[in-house]
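Colleague: Using our numbering, the first residue of the sequence shown is number 8, and each one after it goes up by one.
Don't be surprised by glycine CBs; every beta carbon is placed ideally from N, CA and C.
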Amino acid sequence: MNDTSPDRTERELGEALAALADGVRGAPDAYSTARGDWLRRERRRRLVLAVLIAAVFTLATVIGLWVLNQTPSERGVIFSGAGSTSGVLASLPRPLPDCLVPCAPAV
């Protein structure tokens, strides 16, 4: 007769796994080797990230300076000083604030 109850299956499986686990012997330096590998990967990842950040920053700086350097050689229309001041774009005189108006000397 076959006994296929869950208790028997669990017991036999536990015995098989225990027998298998008894035959496994870990290397004495397995932890230090695994930790060393992990630390090496961590250092490499941080170095790659730092280099990538530096490269992106440098590239952004170079592009920004290049764009700022692309000014036309002739004078611009806005700041050339040419043209009439009676147009719509002429600046209106602005009164000075009270704190900047020179006061008459008190007698």
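(1) Hey, how far is the Cα of L66 from the Cα of V74?
(2) Check T11 in the structure and name its three-state DSSP category.
(3) Hey, how far is the Cα of G30 from the Cα of L54?
(4) Given this structure, state the Cα-to-Cα distance separating Y38 from I70, to the nearest angstrom.
(5) Distance check for F64 and R51, CA to CA, integer angstroms please.
Modeller: To lay it out plainly:
(1) The count along the sequence shown starts at 1 and reaches residue 66 at position 59. The count along the sequence shown starts at 1 and reaches residue 74 at position 67. For L66 and V74, the distance between alpha carbons rounds to 12 angstroms.
(2) Working through the sequence shown from its first residue, we reach residue 11 at position 4. In the structure shown, T11 sits in coil (DSSP, three-state: anything other than H, G, I, E or B).
(3) One-based indexing of the sequence shown puts residue 30 at position 23. One-based indexing of the sequence shown puts residue 54 at position 47. Computed Cα separation, rounded: 41 angstroms.
(4) Working through the sequence shown from its first residue, we reach residue 38 at position 31. Working through the sequence shown from its first residue, we reach residue 70 at position 63. Roughly 48 angstroms separates the two Cα atoms.
(5) As a working mapping, residue 51 is identified with position 44 in the sequence shown. As a working mapping, residue 64 is identified with position 57 in the sequence shown. Distance between the alpha carbons of R51 and F64: 20 angstroms.
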